[in-house]
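For reference, the structure discussed in these notes is given below.
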Amino acid sequence: MNRTSDFREKEVINIKDGRRLGFVGDVEINLQSGRIEAIVIPSGGRLLGFIGKDNECVIPWEKIKKIGEDIILVEMDDRFIRKHFE
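Next comes the structure, spelled out in structure tokens:
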């Protein structure tokens, strides 16, 4: 993977329950270290990314377990999933 834009084509799936969380909308990068700190998934109701950050789910880099060609597998707590995706 060479560019952060490559993440936008990947679907995120929680390995704890198999739930499809959506597609990566953005990444958070630490500009000092140049490292990705989190991936951001827009959840419900966002219109082309213009409706506030309340409808975003930020998944810390350490929760990512595997990055494949088409998907990203994460291991997320069920309470977190309910809060952001229901």
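If you read the sequence shown in the UniProt record's numbering, its first letter stands for residue 1, the second for the next number, and so on.
C-beta: ideal position from N, C-alpha, C; glycine also.
- Between Glu-69 and Ile-15, the beta carbon gap of about 17 angstroms keeps them out of contact (Cβ cut-off 8 angstroms).
- Beta-bridge analysis with DSSP links Gly-22 to Val-12.
- Per DSSP, the beta-bridge partners of Arg-35 are Asn-30.
- Non-local beta-carbon contacts of Val-58 in its own chain, meaning distances under 6 angstroms to residues more than five positions away in sequence, involve Ala-38 and Val-40 in chain order.
- Setting aside the 5 residues that flank it on each side, Asn-30 is surrounded in the same chain by Glu-37, each with a C-beta closer than 7 angstroms to its C-beta; the list follows chain order.
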